[in-house]
Structure formats: structure tokens, C-alpha cells
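S.K.:
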Ligand SMILES: Cc1cc2nc3c(=O)[nH]c(=O)nc-3n(C[C@H](O)[C@H](O)[C@H](O)COP(=O)(O)OP(=O)(O)OC[C@H]3O[C@@H](n4cnc5c(N)ncnc54)[C@H](O)[C@@H]3O)c2cc1C
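Numbering (this note's numbering), first residue to last: 19 to 402.
Here's what the structure looks like:
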């Protein structure tokens with residue numbers, strides 16, 4: 019057992035964990051960021067196209083959240099990590115005539131211009147996901163290639179694999195939910211992105227049924243005359259996973275398909291067809307494919323902050339099961355245990371915005387928005 023006691027250990031070095039580490043590091047340098055992969059962004063965050071784009075649709079509280087997060091995160095990346103963001107805009111193309119009519123009725127929260135094909139939003143951006151996660155955590159102590167298989171709370175400390183001690187533990191484990199209470203019910207949504215060579219130069223991102231990135235200039239190769247790299251993503255698969263007796267899921271080993279040269283052929287063909295429906299790209303050559311699992315909650319909102327201790331809360335208020343109302347501030351929380359998860363298909367939009375709120379909540383006691391707290395998931399689960 020190490021003697022050192024950390025102020026904070028974060029499990030998960032994806033965009034959620036790296037953003038959390040970045041904002042925490044403004045308050046303390048006694049932080050450890052752990053991941054089972056050998057590098058940061060080895061999970062969904064490395065697979066992501068990492069497009070930033072507005073959510074179009076009717077007004078509702080989820081759209082409000084995405085709009086606030088997109089404004090914040092875009093500015094945050096530009097101010098602090100300008101070499102990880104390309105802000106050249108996105109052309110959003112309606113899927114069909116029905117969709118085109120709907121586009122006209124939406125309140126668009128961002129500046130746009132209409133052209134023949136669709137709506138061009140200057141706010142649209144592309145993020146270099148791995149470089150961003152590396153840059154967010156330059157000054158953070160990391161323990162990579164370390165699989166956490168046990169966490170335990172004793173004597174006011176969290177013990178990780180009976181080896182590492184910390185006062186506070188933050189779970190940013192994405193689609194791996196082994197340490198989350200069962201009421202959180204995060205579902206994995208699998209997807210693939212491909213990287214292709216093309217001779218066509220695209221100057222902004224596109225989105226219709228998939229996203230197509232602008233061409234990355236620095237990939238120009240005079241010899242092949244197929245110089246530009248573009249990124250095309252992503253497919254969506256909701257897999258039904260086998261449940262273990264403790265209610266956690268048996269995962270396929272998706273680390274093996276995380277960065278394979280060809281990827282899933284069916285998904286690759288699907289992406290190429292969807293991309294060609296956006297813009298004719300005759301001479302595409304697929305050079306890489308990335309796969310990963312997005313972590314989605316049942317109501318699509320993320321889950322941030324303290325975690326309700328379902329066992330102790332139900333012991334005290336067993337009548338919650340009959341639907342009796344108990345104010346959430348009376349629920350018992352797991353001590354010094356926090357979460358940032360459920361960022362779904364918008365991790366690069368949501369994570370910096372949410373990580374800042376999480377840190378202000380942990381350090382300064384700032385109240386979190388109701389929609390993103392764990393209580394809502396506990397209340398829904400307990401009723402069932
Ligand atoms: C194909 C694809 C395309 C996407 N495109 C976009 C996009 O264009 N824009 C966008 O904003 N989002 C996109 N997303 C979604 C985005 O990738 C996710 O929202 C985001 O990466 C989630 O970040 P995370 O940190 O929560 O999870 P992850 O990046 O999965 O990080 C979780 C980390 O926790 C680690 N971990 C888990 N359990 C343990 C353990 N027991 N011990 C040690 N380490 C552990 C894992 O190894 C992993 O590295 C896409 C996702 C996919 C799959």
C-alpha cells in the first residue's frame with residue numbers, strides 16, 4: 019500500500035476525466051488520473067469524430083443544456099487549446115423535405131446563413147480529441163495501463179485496488195459502469211468512425227445522417243495526389259448486453275476493435291454511403307477505423323455530482339418504494355464520491371462545461387442544475 023494520500027483520484031482519462039482533472043488542477047496538484055488504457059483518450063474519446071455542432075430541434079431543457087455547453091466549450095477550447103480546435107463552421111443539411119420544413123420552424127440558438135442545401139452555422143468545429151486530452155492533462159499525475167477492479171471506502175478514505183488512497187474519488191468511466199450504483203443505468207451505444215484519404219478539399223464540416231469533416235491541410239501529400247484526410251462518423255448500435263448477477267453488464271472486448279485498420283466492413287460501407295449522400299467523394303480511400311461506446315442515460319441528460327447511496331436511503335425511507343415523497347436533500351450520499359458520466363454522443367460539447375460545474379460544486383459547494391443530478395435517476399428507479 020502506498021503511503022501517499024491523494025486529494026482526488028479520477029478514474030477514466032477520456033474527455034470527461036481529462037476536463038475534470040484540468041479544472042481541479044486550478045485548486046490542487048495532488049490529483050491522480052487513472053486509466054486502464056496505455057494512453058489518454060483510449061476509450062470513446064479517441065474514437066470520436068469530436069465534431070462540435072448545435073442541437074437543432076424544438077426548444078426543451080436538453081437543447082438549452084447543449085446550447086449553453088456548446089457556447090462555453092467552444093470559447094474554452096479557443097481560449098486555452100487553440101491548436102486543438104478548427105472552427106470553420108458546419109453545414110447542417112435536412113434529411114428530407116419533412117425535415118427541411120421542420121428546420122424552418124426551429125429557434126436556432128446560433129447565427130446561421132441558409133444556402134441551397136442547408137443551414138450553415140459558423141459555430142461548428144472539429145476537435146483533435148487525443149491532442150486535447152493530452153493538453154488538458156499536461157501537468158496532471160497519471161497512472162495509465164492500470165485497471166481498477168476494486169474501490170472501497172474505509173476510515174474516511176477511498177481505497178483503489180487496496181493500493182492507492184484518496185480523500186475524494188471521481189468516476190469518469192464512460193460506458194464501463196461497474197462502480198456506479200445500479201439506478202444510474204448507463205447504456206452503451208456503439209459506433210464507428212472512419213478516416214479517409216481524398217483528393218477533394220473540403221473547407222468546413224457537414225452533417226446530415228453522419229458528419230463529414232473538413233480536410234486536414236497538414237496531411238497534404240504531393241506524391242499520392244490524394245492528399246487530404248477527412249473524418250467520417252458515426253454509426254450507432256444499441257447492443258443488448260448480457261447482464262451479470264450483480265446487475266452490471268458483460269462487455270465485448272471493444273478495446274480490440276478500438277483502432278483496427280479496416281473496422282467493421284458493414285459500418286464502413288454505411289458511412290461511405292451516408293457521406294456520399296452529403297457530398298460526392300469519388301476517390302475515397304479508407305485508411306483507419308475507430309470504434310467505441312458512448313455512455314447514454316435513459317433521459318439523455320448527463321449525470322454529475324454526488325451519488326445517492328441507494329442502500330442507506332432505502333433503509334431509512336423504505337416507503338419511497340410506495341411512491342411516498344421524500345425531499346431529495348434527505349437522501350444519503352456516498353461520501354466523497356462523485357461522477358461525471360452520460361455525456362452520450364456529445365462528450366466534447368458537454369464535458370468542459372460540466373467539469374467546471376462539477377469542480378465548483380465539489381470545491382465551493384455550488385448547487386448543480388436539477389436535470390443533471392443523480393437524484394432524478396434514483397427517484398425514477400425506486401418507483402419501478
Ligand atoms: C464513433 C463515435 C463518434 C463520436 N463522435 C462524437 C462527436 O462528433 N462529437 C462529440 O462531442 N462526441 C462524439 N462521440 C461521443 C464521445 O466520444 C463521448 O461522449 C465521450 O468520448 C465520452 O467521454 P468519457 O470520458 O465519458 O468516456 P471515455 O472516453 O470512454 O473514457 C472513459 C475511460 O474510463 C476508462 N475506464 C473505465 N473503467 C475503468 C477501470 N475500471 N479502470 C481504469 N480505467 C477505466 C476507460 O478505459 C476509458 O478510457 C462519439 C463517440 C463515438 C463512439
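For every residue, glycine included, the Cβ atom is placed at its ideal position computed from N, Cα and C.
Drop a sphere of 10 angstroms on the beta-carbon of residue 114, count the other beta-carbons inside from all chains shown, and report buried for 16 or more, exposed for fewer.
M.R.: As a first step, residue 114 is located in the chain shown; it is residue number 96 there, counting from the start. That one is exposed.
S.K.: Under the DSSP definition of a beta bridge, which residues are partnered with residue 214?
M.R.: In the chain shown, the residue the question calls residue 214 occupies position 196. BP columns for residue 214 point to 248 and 304.
S.K.: For residue 356, tell me which candidate among 330, 197 and 363 has the shortest Cα-Cα distance.
M.R.: Along the chain shown, read from residue 1 onward, the residue named residue 356 stands at position 338. When each option's Cα is compared against that of residue 356, the closest is 197.
S.K.: If residue 250 sits next to residue 289, beta carbons under 8 Å apart, how far is it from one beta carbon to the other, in whole angstroms?
M.R.: For the purposes of this step, residue 250 is taken as residue 232 along the chain shown, with counting starting at 1. For the purposes of this step, residue 289 is taken as residue 271 along the chain shown, with counting starting at 1. The C-beta distance from residue 250 to residue 289 rounds to 5 Å, short enough to meet the 8 Å contact threshold.
S.K.: Skipping 5 residues on each side, what residues in its chain have a beta carbon closer than 6 Å to that of residue 346?
M.R.: Here residue 346 refers to the residue found at position 328 when the chain shown is read from its first residue. Hits under 6 Å: 393.
S.K.: Restricting to runs no shorter than 4 residues, where is the alpha helix (DSSP H) found entirely within the region 138 to 207?
M.R.: The qualifying runs are 147 to 154.
S.K.: What's the gap between the Cα of residue 322 and the Cα of residue 104?
M.R.: What you label residue 322 is simply residue 304 of the chain shown in a count that begins at 1. What you label residue 104 is simply residue 86 of the chain shown in a count that begins at 1. Taking the straight line joining both Cα atoms gives about 28 Å.
S.K.: Quick check on residue 337: does DSSP put it in helix, strand or coil?
M.R.: Against the chain shown, residue 337 aligns to sequence position 319. Helix at residue 337.
S.K.: Drop a sphere of 10 angstroms on the beta-carbon of residue 382, count the other beta-carbons inside from all chains shown, and report buried for 16 or more, exposed for fewer.
M.R.: Sequence index remark: in the chain shown, residue 382 carries index 364 (1-based). Residue 382 should be labelled exposed.
S.K.: Quickly, what does DSSP pair residue 50 with across the bridge? List them, please.
M.R.: The residue labelled residue 50 in the question sits at position 32 within the chain shown. According to DSSP, residue 50 bridges with 27 and 159.
S.K.: Using a Cβ-Cβ cut-off of 6 Å (strictly less than) and excluding sequence neighbours within five positions of residue 398, which residues of its own chain qualify?
M.R.: Here residue 398 corresponds to residue number 380 of the chain shown, with the count starting at 1. Nothing listed; no residue qualifies.
S.K.: Would you report the Cα separation of residue 87 and residue 93, rounded to the nearest angstrom?
M.R.: Within the chain shown, the letter at position 69 stands for residue 87. Within the chain shown, the letter at position 75 stands for residue 93. Near 10 Å, if we compare the C-alpha coordinates of residue 93 and residue 87.
S.K.: Residues in its own chain within less than 6 Å of residue 112 by CB, not counting five upstream and five downstream?
M.R.: Taking the chain shown and counting its residues from 1, one reaches residue 112 at position 94. Counting only Cβ-Cβ distances below 6 Å, and skipping sequence neighbours, we find 118 and 121.
S.K.: Run through the DSSP bridge pairs and tell me what residue 234 is partnered with.
M.R.: As a first step, residue 234 must be located in the chain shown, where it is residue number 216. Paired residues: 247.
S.K.: Excluding the 5 residues flanking residue 349 on each side, which residues of the same chain have their C-beta closer than 6 Å to its C-beta?
M.R.: Sequence index remark: in the chain shown, residue 349 carries index 331 (1-based). Correct list, in chain order: 326 and 331.
S.K.: With H, G and I counted as helix, E and B as strand and the rest as coil, what does DSSP make of residue 36?
M.R.: Counted from its first residue, the chain shown places residue 36 at position 18. In the structure shown, residue 36 sits in a helix (DSSP, three-state: H, G or I).
S.K.: Bridge partners of residue 326, per DSSP?
M.R.: Here residue 326 corresponds to residue number 308 of the chain shown, with the count starting at 1. Residue pairing for residue 326: DSSP places it in a beta bridge opposite 351.
S.K.: Relative to ligand 1, is the shortest distance from any of its heavy atoms to the C-beta of residue 190 smaller than 7 Å?
M.R.: Within the chain shown, residue 190 is the residue found at index 172, counting from 1. Residue 190 Cβ: within cutoff of ligand 1.
S.K.: Tell me whether residue 305 counts as near ligand 1, meaning its Cβ is closer than 7 Å to at least one heavy atom of that ligand.
M.R.: Stepping through the chain shown from its first residue, residue 305 is reached at position 287. Incorrect: residue 305 has no Cβ contact closer than 7 Å to ligand 1.
S.K.: Taking only three categories from DSSP, how would you classify residue 71?
M.R.: Here residue 71 is taken as the residue at index 53 of the chain shown, counted from 1. Coil.
S.K.: Going straight from the alpha carbon of residue 162 to that of residue 307, what length do you get?
M.R.: Along the chain shown, read from residue 1 onward, the residue named residue 162 stands at position 144. Along the chain shown, read from residue 1 onward, the residue named residue 307 stands at position 289. Rounded to the nearest angstrom, the two C-alpha atoms are 23 Å apart.
S.K.: Looking at the structure shown, is residue 394 part of a helix, part of a strand, or coil, going by DSSP?
M.R.: For the purposes of this step, residue 394 is taken as residue 376 along the chain shown, with counting starting at 1. For residue 394, the three-state secondary structure derived from DSSP is helix.
S.K.: Using the C-alpha atoms, what's the distance from residue 379 back to residue 135?
M.R.: As a working note, residue 135 is residue 117 in the chain shown. As a working note, residue 379 is residue 361 in the chain shown. Distance between the alpha carbons of residue 135 and residue 379 is about 44 Å.
S.K.: Please tell me whether, using a cut-off of 7 Å, the distance from the CB of residue 203 to the nearest non-hydrogen atom of ligand 1 is below it.
M.R.: Within the chain shown, numbered from 1, the residue matching residue 203 stands at position 185. Not so, every heavy atom of ligand 1 lies at least 7 Å from the Cβ.
S.K.: Could you spell out where the alpha helix (DSSP H) holding residue 118 opens and where it closes?
M.R.: If you number the chain shown from 1, residue 118 lands on position 100. Run containing residue 118: 115 to 123, per the alpha helix (DSSP H) assignment.
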